[in-house]
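J.: Below you'll find the structure I mean.
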Amino acid sequence: MFNNKSILITGGTGSFGRQYVKTLLANYHPKRLIVYSRDELKQYEMQQDFDATCMRYFIGDVRDKDRLTQAMRDVDYVIHAAALKQVPAAEYNPMECIKTNIHGAENVIAAAIANNVDKVIALSTDKAAAPINLYGATKLASDKLFVAANNMVGQGRTRFSVVRYGNVVGSRGSVVPFFQKLVADGAKSIPITHPDMTRFWITLPMGVDFVLKNFQRMHGGEIFIPKIPSVRILDLAAAYAPNIPTRDVGIRPGEKLHEVMCPSDDSYHTYEFKNHYVIAPSIKFYQDDMDFAHSRLGETGELVEPGYEYQSGSNPHFLSVEEILTFDDAH
């Protein structure tokens, strides 16, 4: 579906963007593949790795609606990956997080509608489900904007959906490179925020493949959630920093003990499929014929039990220490 199509990714120089570009170039023949981001150095570095004739690199910020509108001209598909994502930074710089994550989402929606883009998928996070930190709250607001945007289109063709998943193995700013650097620097102990902490765990290729597949299965308005394993923070430390003692440093501002991807309050419109969940919109759409229990790929889901919650601490699938070490290579 991506052959001879024009695709734009906001925040395209990030960990997800680089893997996304790598996957598209390896498996499809896009007409144009546009990386839209604000960091000229990262774009320069990315050009050294990805210089196919279809590649385009646009300097721009999602806070700039006019530039986004210009960049999306004649674009078929948009992946919105740009965001301010560091939880403590968002707590200390709330307005900056709001400008990028909420106002930026508004601008992406407006630019996509103005250009009659076919489909838009916005990347979300488990922290947007029942949020307790500002980052999660801004991403929840973003999710709501992208879901409601399907009504703003009216009889236009643009459709918007959301993909939500957990921590990405080895992404910039994540715990794995942090642990690995501590080991390389000869640390005497590994800081642990809380010994009972758990997280959902996904690799970059898994995340990218899930997003690509959802372009095919989406009606518009869904929040897609993959079924993925959980990890315990102590098991992560044992895997990447073996034989080094841990020390408790306390939960950081705005941090949860366990993450949630399908909140219990959404259970009455959450569908379970074989390999993923779909949270259907709670609002009525202008187009009233969407059946969210059936995807456009012919997959069928069933409503979960009332009160069901998909949470990292109660997830039936946990990775062992040995599985953590091989998980990235296996996926």
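All residue numbers for the sequence shown refer to the working numbering, where the first residue is 690 and numbers rise by one. Glycine included, every Cβ here is placed at the ideal spot set by N, Cα and C. On a predicted model such as this, the values are computed, not experimentally measured, just so you know.
1) Contact check, I798 vs A838 under 8 Å by CB: the rounded distance?
2) Please go through the segment 871-959 and give each complete alpha helix (DSSP H) segment of 4 or more residues, from N-terminal end onward.
3) Grouping DSSP H, G and I as helix and E and B as strand, with all else coil, what is V836?
4) Counting only the same chain and skipping the five closest in sequence on each side, list residues whose C-beta sits under 7 Å from that of R762.
5) Give the range of the alpha helix (DSSP H) segment to which F705 is assigned.
6) With a 10 Å radius around its C-beta and 16 neighbouring C-beta atoms as the bar for buried, classify V967 as buried or exposed.
7) Any idea if Q1000 is buried or exposed, counting beta-carbon neighbours within 10 angstroms, 16 or more meaning buried?
8) Express the C-alpha separation of V857 and G793 in angstroms, rounding to a whole number.
9) Can you check which of these residues, N716, N796 and P777, is closest to K754 by C-alpha distance?
10) If you check the beta carbons only, do C951 and E911 fall under 8 Å apart?
11) Where do the N-terminal and C-terminal ends of the beta strand (DSSP E) with V808 fall, by residue?
12) Expressed to the nearest angstrom, what Euclidean distance is found between the alpha-carbon atoms of P918 and L812?
13) Using DSSP with H/G/I as helix, E/B as strand and the rest coil, what is L722?
14) If I'm right that A771 touches T699 with Cβ under 8 Å, what's the distance once you round it to whole angstroms?
T.: On the basis of the supplied data:
1) About 5 Å separates the Cβ atoms of I798 and A838, confirming a contact at the 8 Å cut-off.
2) Within the segment 871-959, the complete alpha helix (DSSP H) runs of at least 4 residues are 893-906 and 922-929.
3) Helix.
4) Answer for R762: N804, listed in chain order.
5) DSSP places F705 in the uninterrupted alpha helix (DSSP H) bounded by S704 to N716.
6) V967 should be labelled buried.
7) Q1000 comes out buried.
8) Distance between the alpha carbons of G793 and V857 is about 23 Å.
9) When each option's Cα is compared against that of K754, the closest is N796.
10) No, they are not a contact pair.
11) Reading off the sequence shown, one finds Lys at residue 808, where the question assumed Val. Bounds of the beta strand (DSSP E) holding K808 are K808 to T814.
12) The alpha-carbon atoms of P918 and L812 are separated by roughly 19 Å.
13) In the three-state reduction of the DSSP assignment, L722 falls in the strand class.
14) Sure, about 4 Å apart at Cβ, within 8 Å.
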